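Novice: Residue numbers for the sequence shown follow our numbering, so the first one is 5 and each next one is one higher. Handing you this structure, nothing more for now.
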Amino acid sequence: MNTVEEKLKRAQKLITKNISTEEMLEVLKIIGVGMTADEIESYRLWGDYMPLGDEHPYTKSERYLHILWELIDKVPLGINCTFAIPFRQTIAKNLFKKCGEGFVAAEGCRFNYGHQIEVGDNVSWNMGCYVDSKGGVSFGDFAMLTEYVKIFSHGHSEGNHMERDYKRVVIKDFAKLYTNCTILPGITIGTGAIVATGSIVTKDVDDYVLVSGIPARPMRRRALESTNPDDYNQYMMKNKLFQK
5 MNTVEEKLKR AQKLITKNIS TEEMLEVLKI IGVGMTADEI ESYRLWGDYM PLGDEHPYTK
65 SERYLHILWE LIDKVPLGIN CTFAIPFRQT IAKNLFKKCG EGFVAAEGCR FNYGHQIEVG
125 DNVSWNMGCY VDSKGGVSFG DFAMLTEYVK IFSHGHSEGN HMERDYKRVV IKDFAKLYTN
185 CTILPGITIG TGAIVATGSI VTKDVDDYVL VSGIPARPMR RRALESTNPD DYNQYMMKNK
245 LFQK
């Protein structure tokens with residue numbers, strides 16, 4: 005098992021919705037992490053200690069898949085896209101509530117409850133995105149996050165920090181969220197809509213509208229040369245690599 009391709013194939017066979025401790029240890033070995041069964045079984049994540057962790061606790065397998073998602077960014081193979089992108093795709097298909105084909109996530113993308121995330125086909129997350137999925141987040145086909153986008157689906161009481169409310173966020177087909185924008189709980193970003201860099205979205209965004217600012221306001225219609233979504237070329241990589 006010397007080549008990257010061989011390592012990837014082996015890891016993909018081991019990563020399933022019901023990954024066992026023994027299979028987890030094998031995957032860790034493949035990516036260059038040495039741990040014992042006792043060590044990995046003792047791991048607890050941030051989400052384990054949140055109030056939602058009591059209402060919807062991770063299964064052992066879900067916790068393992070979260071750990072793998074985090075660890076791949078901390079080992080040399082994590083910067084080899086030939087390995088890391090398909091590796092993350094495999095985790096997402098087995099951890100997310102739904103994951104379509106062609107999901108691409110760059111390094112540094114994080115989330116807290118994978119089983120609360122729904123992803124359509126050819127969804128892209130660029131480097132450093134954060135998806136707070138406590139209240140649920142869904143992404144339509146070809147939805148795209150660029151660098152350091154932040155999505156939140158829960159908020160806190162001002163008077164009692166332990167009181168939280170959860171509101172689902174929906175990012176529809178072909179929406180694009182640009183660098184360092186923030187989406188607040190309960191928001192729907194319409195089909196083909198664009199959120200400009202650095203914006204904070206506090207209200208729903210209509211289809212094919214570009215919003216910008218703090219708070220984000222409608223600026224204009226999205227500039228399109230064609231009404232055929234196939235012409236948008238809304239892929240993360242050149243030549244549709246890792247996508248379809």
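Glycine included, each C-beta is placed from N, C-alpha and C at the ideal position. As the structure is a computational prediction, the values presented were derived from the model and not from experiment.
1. I need the boundaries of the beta strand (DSSP E) containing V37, first residue and last residue.
2. Could you give the distance in angstroms between the alpha-carbon of E26 and the alpha-carbon of Y68?
3. Determine the extent of the beta strand (DSSP E) in which I175 is found, giving its start and end residues.
4. Alpha carbon to alpha carbon, how far is I191 from D177? Give it in angstroms, no decimals.
5. Specify whether the stretch 196–207 and the stretch 216–223 touch according to this definition: at least 3 beta carbon pairs, one from each stretch, less than 8 Å apart.
6. I need the straight-line Cα distance from N126 to G139, nearest angstrom please.
7. According to DSSP, is L149 part of a helix, a strand, or is it coil?
8. Ignore the nearest five residues each way along the sequence and tell me which others in Q93's own chain have a CB closer than 7 Å to its CB.
9. Would DSSP call A110 helix, strand or coil?
10. Give me the Cα-Cα distance between D52 and K171, rounded to the nearest whole angstrom.
11. Span of the beta strand (DSSP E) holding R225?
12. Please report the straight-line C-alpha distance between D210 and V141, rounded to a whole angstrom.
13. Ordered along the chain, which non-local residues of its own chain (more than five positions away) have a Cβ less than 8 Å from that of T195?
Specialist: According to the structure data:
1. That residue, V37, is in no beta strand (DSSP E); it is neither H nor E in DSSP.
2. 11 Å
3. 173–175
4. 15 Å
5. yes
6. 23 Å
7. strand
8. F107
9. coil
10. 20 Å
11. 221–225
12. 18 Å
13. G144, K176, D177, F178, A179, D211, Y212
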